Each structure stands twice: as C-alpha cells, then as structure tokens.
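In the numbering used here, the protein residues as written are 8 to 468.
A virtual CB, placed ideally from N, CA and C, is assigned to each residue, including glycine.
Fair warning: this is a prediction, and the values are worked out from it, not measured in the lab.
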C-alpha cells in the first residue's frame with residue numbers, strides 16, 4: 008500500500024469545501040489525499056459555476072464596499088430561511104467569513120468589483136476574478152505546491168465503519184478497487200441533486216422535468232452510504248437551492264450562465280397565461296432561489312417571464328437570446344401561450360400599475376394596486392415594444408438533506424460524535440439552510456466549514 012493510501016487526512020470531494028479542508032489540514036502539518044470523482048477538466052463540483060461568496064465586514068474590505076455587519080447578515084439569512092436554521096452554526100459561518108477572505112487571497116484567489124447587473128451585491132458579496140473556475144485553479148495550484156495528493160476519477164465505492172470510526176475507504180481508481188486507511192476523513196462531496204431517481208423519491212414524478220445546474224457527479228453516493236450506516240441526517244429532502252433557469256438549458260452542468268435574472272422587472276405566467284406569485288417581493292439576491300420551487304409547482308414545471316424594452320438592460324445578459332416580438336399577441340404565439348388569457352393577464356397588470364419613482368437596484372415601493380397576486384416593487388406596465396420572453400424551468404443547484412454536524416464540523420451517529428469523520432460544504436449545508444437561499448452563502452458555508460473540518464481532522468490525526 009502506497010503512502011498516499013494511508014494519509015493523515017483523506018478528503019472526499021474536489022470543490023471549494025474539499026480544497027479548503029485539504030489546504031488547512033496540510034497547513035497544520037498533516038499528510039493529505041484528495042479523492043475527486045470527476046475527471047480533471049471537470050474537477051470542483053458546483054464550485055466551477057460560482058462567482059462570489061457572501062462576506063461579513065465592518066468596513067471596506069478589498070473589493071467590498073461599505074459595511075456588512077453580523078446583525079444585518081444574520082437578519083438577511085433569517086429572512087430567507089424563515090428561521091429554519093441552526094443559529095449557532097449560522098453565526099459561526101458569518102463570523103468566520105471575514106477572515107476567510109484573507110485566507111482565500113493567501114491561496115491565490117483574486118477578487119474583482121461587482122459585475123454589471125449585480126451592483127446591489129457590491130457591499131455584501133466578494134466576486135472572484137475569473138469566477139469559480141479561477142478560484143479552483145488557484146486552490147489546486149496551492150495544493151500541488153503543498154504536496155497534497157489528488158486522485159481524479161476516483162469515486163468512493165465503500166466505507167467501512169467500526170463503531171464511531173471510519174476504518175477503511177474503498178475507491179475505484181484507474182479501473183481498480185483500492186483500499187485507503189486514513190486516520191481522519193472529511194466528507195465534502197456535495198448533495199444528491201444529480202441523481203434524478205433520488206430527487207423523484209422526494210419530489211415525485213415532477214422531478215423528472217427538473218434541470219441540474221451543476222455537476223453531474225454530485226449523486227450523493229457517499230451521503231447515501233453514511234445515512235445508511237446510521238449517521239444522523241439533517242434537512243428536508245424536498246428543500247434545495249433551486250432557481251428559475253432558461254428552459255433551453257442542458258440537463259446537467261449549465262451553470263450560472265443559464266440563470267434568468269429579469270424576474271423582478273417582469274411578469275411571470277404559467278403555461279395557462281396566469282400570474283402566480285409576486286415578482287417584486289424583494290431584491291433578486293434574496294429571492295432568486297425561491298423561483299425554482301415556484302416554477303416546479305406549476306403545470307409541466309414550466310413558466311414564462313415577460314418584459315418589455317424598458318427593462319431589457321436592467322439585468323445580467325442571458326446566455327440564450329430571449330424570444331422577441333413586436334406585439335404581445337405575437338409574443339404569446341411564439342411562446343406557445345393561450346393568447347386571450349395572456350393578453351388579459353397583461354392588461355390587468357398594466358391597469359394595476361401606478362406612477363412613482365423606479366429604482367432598479369433597491370426596493371422602490373412601486374407596487375400594483377388591487378391585483379392578486381400583487382407586485383410589491385418595480386411594477387411598471389408591460390407596454391413598450393419589442394416584447395421579450397423567456398421559458399423557465401426549475402434548475403436545481405444542490406440539495407439540503409445532509410449530515411448533521413457540530414460547531415467543529417464533526418458528524419454524529421445516534422446523537423454522539425463520530426471519532427474521525429467530519430463534513431463540510433453542501434453535504435452538511437442543510438444544518439444552516441433549512442429552506443431558501445442567500446446569494447453567495449453556499450460558498451461561505453463551504454469555505455468556513457471546510458477550514459474548520461481540515462483543522463480538526465488534522466488535529467485528530
């Protein structure tokens with residue numbers, strides 16, 4: 008058995024949380040092996056598709072402007088989760104986020120100002136120069152320099168537990184089943200969203216119409232092994248980070264480019280031409296992640312966002328061009344919507360709009376009057392050609408069913424801590440995200456708890 012098969016710390020996964028754990032464990036003096044199920048060009052799980060993380064700061068920090076303190080950060084999280092969060096773990100993630108900014112920089116990650124169309128995030132979210140792929144490249148270069156062993160196309164196929172201890176891990180590498188005997192293990196290998204059969208167990212047949220924004224390699228294999236072995240679960244299998252994405256996106260791996268961000272400035276209708284939710288409830292970073300579930304509840308799991316020429320430059324450009332027409336009737340025909348019902352919906356909406364100041368980057372109170380459902384902000388008539396439409400489908404990013412952990416990222420079995428098994432990232436994010444989502448917070452959870460898990464795993468080893 009080679010030395011890399013007997014590491015102090017074995018990290019399962021290859022994304023943000025996994026590399027944060029691996030690098031931190033190595034900094035503590037531990038020998039580290041990383042098992043990444045994906046091929047090298049597709050390494051990094053969902054991190055490849057990210058672009059920022061949400062960061063607390065008491066004053067300007069790097070590219071972050073202003074101040075975003077603990078109290079405001081926690082209030083934002085509580086608002087989107089409806090209070091369904093482990094407050095202590097949430098506060099831990101929030102408080103450690105500021106130091107994480109500097110730690111990322113020390114490992115080669117570079118930041119840039121907020122992108123066009125995301126100015127509302129300039130104070131709260133630190134954007135990676137080059138996006139998540141550049142962050143991963145920096146991490147992997149740092150890992151190579153540090154002597155961390157990385158094995159690609161190395162899915163874990165079995166884990167042997169001895170009481171509250173992981174005794175042995177088996178992985179398929181180079182066509183052979185190889186045994187590893189680590190002193191400590193960090194599970195940082197994501198949720199189960201790429202396993203449509205598992206999604207269908209939770210959601211029913213509607214899940215067959217879902218698209219998966221992220222990696223096809225996050226199938227929850229290790230999560231299933233550990234849950235079947237009796238580790239304590241956390242979270243609801245029907246809760247997930249799911250956004251409304253372009254209906255033309257691929258089944259897997261479309262990434263952030265497939266998101267459609269025009270919803271706050273639009274009306275959204277279902278296949279019957281009827282509105283079904285308040286498009287202007289709050290700023291998009293606090294509400295975009297509810298729209299996947301909203302669309303999933305509509306017939307055929309499809310909806311349509313419609314804007315006019317006044318709004319076409321107010322959001323991030325889309326990877327697919329919108330369907331465009333010079334009249335609303337023609338747009339209905341091109342989208343396949345029932346013309347009469349759709350035109351009646353638009354007419355009712357336009358009649359309910361009122362004059363007032365319009366501020367696209369913040370809630371402006373420009374609301375409809377006497378309309379059900381209302382539009383609480385940014386309600387302007389859809390009346391200026393050309394008219395633009397996007398078909399929307401639910402795009403699942405990651406699932407919230409995962410492993411319960413304590414403040415040291417240690418997993419539990421029967422309520423008692425495991426001796427040598429920690430978890431970080433999406434596989435434990437359900438401890439903090441009971442429902443809803445806050446833009447950039449998944450990367451914060453992964454980086455913070457990855458560092459904690461790496462430190463504690465190295466200490467144990």
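Kindly indicate the opening and closing residues of the alpha helix (DSSP H) around residue i.
i: residue 88; result: 77–88
i: residue 204; result: 203–210
i: residue 191; result: Here residue 191 belongs to no alpha helix (DSSP H); instead the beta strand (DSSP E) covers 191–194.
i: residue 152; result: 138–153
i: residue 455; result: 448–467
Along the chain, where does the beta strand (DSSP E) containing residue i start, and where does it finish?
i: residue 60; result: 59–61
i: residue 156; result: 156–158
i: residue 116; result: Careful: residue 116 lies outside any beta strand (DSSP E) and carries neither H nor E.
i: residue 426; result: 423–430
i: residue 168; result: 163–169
i: residue 183; result: 183–187
Using three-state DSSP, classify residue i as helix, strand or coil.
i: residue 249; result: strand
i: residue 23; result: helix
i: residue 369; result: coil
i: residue 401; result: strand
i: residue 294; result: helix
i: residue 415; result: coil
i: residue 96; result: helix
i: residue 177; result: strand
i: residue 9; result: coil
i: residue 353; result: helix
i: residue 376; result: coil
i: residue 132; result: strand
i: residue 103; result: helix
i: residue 66; result: coil
i: residue 198; result: coil
i: residue 348; result: helix
i: residue 437; result: helix
i: residue 71; result: strand
i: residue 299; result: helix
i: residue 172; result: strand
i: residue 420; result: strand
i: residue 17; result: strand
i: residue 408; result: coil
i: residue 341; result: helix
i: residue 109; result: helix
i: residue 282; result: strand
On the criterion of 16 or more Cβ atoms from any shown chain inside 10 Å, does residue i qualify as buried, or is it exposed?
i: residue 334; result: exposed
i: residue 268; result: buried
i: residue 420; result: buried
i: residue 5; result: Because residue 5 is not part of the residues shown, which for the chain are 8 to 468, the question remains open.
i: residue 43; result: buried
i: residue 93; result: buried
i: residue 114; result: buried
i: residue 248; result: buried
i: residue 220; result: buried
i: residue 387; result: buried
i: residue 63; result: buried
i: residue 250; result: buried
i: residue 107; result: buried
i: residue 299; result: buried
i: residue 161; result: buried
i: residue 433; result: buried
i: residue 391; result: exposed
i: residue 226; result: buried
Please find out if some non-hydrogen atom of the ligand FAD comes closer than 7 angstroms to the beta-carbon of residue i.
i: residue 223; result: This structure does not include the ligand FAD; it has no bound ligands of any sort.
With a cut-off of 8 angstroms, do at least 3 Cβ pairs link the stretch 421–434 to the stretch 84–97?
-> no
Hey, which unbroken runs of the alpha helix (DSSP H) at 4 residues or more fall wholly within the stretch 302–336?
-> none
What are the uninterrupted segments assigned as beta strand (DSSP E) that are 3 or more residues long and contained completely in the stretch 227–279, given in chain order?
-> 247–253 and 274–277
Report yes or no: do three or more beta-carbon pairs, one from the stretch 344–358 and one from the stretch 287–294, lie closer than 8 angstroms?
-> no
Those runs of the beta strand (DSSP E) which lie wholly inside the stretch 28–54 and span at least 3 residues | 39–42
Does the stretch 402–409 come close enough to the stretch 159–170 to have 3 or more Cβ pairs within less than 8 angstroms?
-> no
Determine contact between the stretch 131–140 and the stretch 52–63, defined as no fewer than three beta-carbon pairs at a distance below 8 angstroms.
-> yes
Decide if the stretch 377–397 is in contact with the stretch 200–211; the criterion is three or more beta carbon pairs, one per stretch, under 8 angstroms apart.
-> no
The stretch 20–34 touching the stretch 446–463, judged by at least three CB pairs closer than 8 angstroms | yes
Three-pair Cβ contact test at 8 angstroms for the stretch 250–263 versus the stretch 293–311 = yes
Between the stretch 12–25 and the stretch 178–198, do at least 3 Cβ pairs fall closer than 8 angstroms?
-> yes
Count the C-beta pairs between the stretch 306–318 and the stretch 257–275 that are closer than 8 angstroms, then say yes if the count reaches three, no if not.
-> yes
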